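J.:
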Amino acid sequence: MPGAAETLVQIGLLGEALDGGPVGIFLADETMKYIAVNRYACEMLGYTREELLGKQVTDVAPAPTSAASYRQMIVERGQTGTTELVRKDGGTLEINYRAAETRAAGLLLYVSVVWPVEKT
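Residue numbers (the working numbering): 1 to 120.
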(Lines of atoms letter the chains of each structure in order from A and count residues from 1; the text may use other names and numbers.)
(Lines give C-alpha, C1' and ligand atoms only; values in the text may rest on other atoms or scores of the structure.)
Protein backbone atom coordinates (compact mmCIF):
# COMPACT_ATOMS: atom_id res chain seq x y z
CA MET A 1 0.00 0.00 0.00
CA PRO A 2 1.50 3.36 -1.00
CA GLY A 3 2.29 5.93 1.66
CA ALA A 4 0.84 9.45 1.76
CA ALA A 5 3.77 10.96 -0.17
CA GLU A 6 3.52 8.31 -2.91
CA THR A 7 -0.22 8.86 -3.15
CA LEU A 8 0.28 12.61 -3.62
CA VAL A 9 2.82 11.95 -6.37
CA GLN A 10 0.38 9.56 -8.07
CA ILE A 11 -2.44 12.13 -7.87
CA GLY A 12 -0.18 14.82 -9.30
CA LEU A 13 0.93 12.54 -12.16
CA LEU A 14 -2.65 11.54 -12.89
CA GLY A 15 -3.82 15.16 -12.99
CA GLU A 16 -0.97 16.19 -15.27
CA ALA A 17 -1.53 13.22 -17.61
CA LEU A 18 -5.28 13.82 -17.80
CA ASP A 19 -4.83 17.52 -18.58
CA GLY A 20 -2.90 16.62 -21.73
CA GLY A 21 -4.83 13.42 -22.44
CA PRO A 22 -6.50 12.30 -25.68
CA VAL A 23 -10.10 12.81 -24.51
CA GLY A 24 -12.05 15.77 -23.19
CA ILE A 25 -12.63 15.73 -19.43
CA PHE A 26 -15.25 17.92 -17.78
CA LEU A 27 -15.84 18.07 -14.02
CA ALA A 28 -19.11 19.68 -12.89
CA ASP A 29 -21.10 20.01 -9.69
CA GLU A 30 -24.77 19.21 -9.06
CA THR A 31 -25.77 22.69 -10.28
CA MET A 32 -24.23 21.84 -13.69
CA LYS A 33 -21.40 24.38 -13.23
CA TYR A 34 -18.03 23.36 -14.69
CA ILE A 35 -15.36 23.42 -12.01
CA ALA A 36 -12.51 21.81 -13.98
CA VAL A 37 -11.81 20.95 -17.62
CA ASN A 38 -8.77 19.57 -19.35
CA ARG A 39 -6.88 21.06 -22.29
CA TYR A 40 -8.47 18.77 -24.92
CA ALA A 41 -11.98 19.78 -23.80
CA CYS A 42 -10.99 23.41 -24.40
CA GLU A 43 -9.48 22.61 -27.81
CA MET A 44 -12.53 20.63 -28.95
CA LEU A 45 -14.87 23.51 -28.17
CA GLY A 46 -12.59 26.45 -28.96
CA TYR A 47 -12.80 28.01 -25.49
CA THR A 48 -10.08 28.93 -23.04
CA ARG A 49 -10.15 27.11 -19.74
CA GLU A 50 -11.30 30.30 -17.99
CA GLU A 51 -14.21 30.70 -20.43
CA LEU A 52 -15.40 27.12 -19.92
CA LEU A 53 -15.12 27.41 -16.14
CA GLY A 54 -17.62 30.28 -16.32
CA LYS A 55 -20.20 28.07 -18.02
CA GLN A 56 -22.73 25.41 -17.15
CA VAL A 57 -23.27 22.10 -18.92
CA THR A 58 -26.36 23.46 -20.68
CA ASP A 59 -24.30 26.33 -22.16
CA VAL A 60 -22.37 23.88 -24.34
CA ALA A 61 -24.87 20.99 -24.42
CA PRO A 62 -28.10 22.91 -25.09
CA ALA A 63 -30.14 20.00 -26.48
CA PRO A 64 -33.77 20.34 -25.40
CA THR A 65 -33.33 17.53 -22.89
CA SER A 66 -29.81 18.25 -21.58
CA ALA A 67 -30.90 19.64 -18.19
CA ALA A 68 -33.30 16.73 -17.68
CA SER A 69 -30.63 14.31 -18.85
CA TYR A 70 -28.17 15.78 -16.32
CA ARG A 71 -30.70 15.37 -13.50
CA GLN A 72 -31.25 11.76 -14.60
CA MET A 73 -27.48 11.18 -14.60
CA ILE A 74 -27.37 12.45 -11.02
CA VAL A 75 -30.14 10.05 -9.95
CA GLU A 76 -28.55 7.13 -11.77
CA ARG A 77 -25.04 8.17 -10.69
CA GLY A 78 -23.81 7.84 -14.26
CA GLN A 79 -24.73 7.90 -17.93
CA THR A 80 -23.35 6.99 -21.34
CA GLY A 81 -24.46 8.36 -24.68
CA THR A 82 -23.99 10.56 -27.71
CA THR A 83 -24.91 14.24 -27.97
CA GLU A 84 -23.92 17.46 -29.68
CA LEU A 85 -21.90 20.20 -28.07
CA VAL A 86 -21.85 23.79 -29.29
CA ARG A 87 -18.43 25.24 -30.02
CA LYS A 88 -17.50 28.84 -29.26
CA ASP A 89 -17.74 29.65 -32.99
CA GLY A 90 -21.36 28.42 -33.04
CA GLY A 91 -20.58 25.16 -34.84
CA THR A 92 -21.56 21.84 -33.35
CA LEU A 93 -19.53 18.77 -32.49
CA GLU A 94 -21.09 15.33 -32.11
CA ILE A 95 -19.49 13.51 -29.19
CA ASN A 96 -19.69 10.26 -27.29
CA TYR A 97 -19.60 10.61 -23.53
CA ARG A 98 -19.44 8.64 -20.34
CA ALA A 99 -20.32 10.47 -17.14
CA ALA A 100 -20.23 9.29 -13.54
CA GLU A 101 -20.50 10.49 -9.98
CA THR A 102 -17.25 10.85 -8.09
CA ARG A 103 -15.88 12.48 -4.96
CA ALA A 104 -12.89 14.80 -4.86
CA ALA A 105 -11.69 16.86 -1.92
CA GLY A 106 -14.82 15.76 -0.07
CA LEU A 107 -17.13 17.19 -2.77
CA LEU A 108 -19.72 15.27 -4.73
CA LEU A 109 -18.90 15.89 -8.40
CA TYR A 110 -19.69 14.53 -11.85
CA VAL A 111 -16.92 13.71 -14.29
CA SER A 112 -17.57 13.34 -18.01
CA VAL A 113 -15.12 11.89 -20.49
CA VAL A 114 -15.95 12.88 -24.09
CA TRP A 115 -14.54 12.15 -27.52
CA PRO A 116 -15.67 13.15 -31.01
CA VAL A 117 -17.86 10.72 -32.95
CA GLU A 118 -15.83 9.40 -35.85
CA LYS A 119 -17.53 10.03 -39.17
CA THR A 120 -17.34 7.16 -41.66
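Beta carbons are placed, not taken as given, at the ideal position from N, Cα and C, and that holds for glycine. Treat the numbers as computed from the prediction; the structure is a model and nothing was measured.
(1) What is the DSSP secondary structure of V9, reduced to helix, strand or coil?
(2) Could you tell me which whole beta strand (DSSP E) segments of length 3 or greater appear in the segment 42-103?
(3) Less than 9 Å between the beta carbons of T120 and Y97, yes or no?
(4) For C42, which residues of its own chain have a beta-carbon under 7 Å away from its beta-carbon, when the five flanking residues on both sides are left out?
(5) Which term fits L108, buried or exposed, when burial requires 16 or more other beta carbons within 10 angstroms of its beta carbon?
(6) Taking one C-beta from the segment 3-23 and one from the segment 67-82 each time, how about it: are there three or more such pairs within less than 8 Å?
(7) Would DSSP call G15 helix, strand or coil?
(8) Once DSSP output is grouped into helix, strand and coil, what is the label at A28?
(9) Excluding five sequence neighbours on each side, which residues of the same chain lie with their C-beta closer than 6 Å to the C-beta of E94?
(10) Identify whether A36 lies in helix, strand or coil by the three-state DSSP scheme.
(11) Could you name the residues that DSSP lists as bridge partners for V144?
T.: So, from the listed chains and residues:
(1) Here the question's residue 9 lines up with position 9 in the sequence shown. In the structure shown, V9 adopts helical secondary structure according to DSSP, grouped into three states.
(2) 78-86
(3) Walking along the sequence shown from the start, residue 120 turns up at place 120. Walking along the sequence shown from the start, residue 97 turns up at place 97. No, they are not a contact pair.
(4) As a position in the sequence shown, residue 42 is number 42, starting the count at 1. The answer, listed in chain order, is T48, R49 and L52.
(5) Looking up residue 108 in the sequence shown gives position 108. A residue is called buried once 16 or more other Cβ atoms fall within 10 Å of its Cβ, and L108, having fewer, is exposed.
(6) no
(7) The residue given as residue 15 occupies position 15 in the sequence shown. The answer is helix: DSSP assigns G15 an H, G or I state.
(8) For the purposes of this step, residue 28 is taken as the residue at position 28 of the sequence shown. Looking at A28 - three-state DSSP - the assignment turns out to be strand.
(9) Your numbering for residue 94 matches position 94 in the sequence shown. The answer, listed in chain order, is E84 and V117.
(10) Indexing the sequence shown from 1 puts residue 36 at position 36. It is a strand residue.
(11) Residue 144 is absent from the model: the chain starts at 1 and stops at 120.
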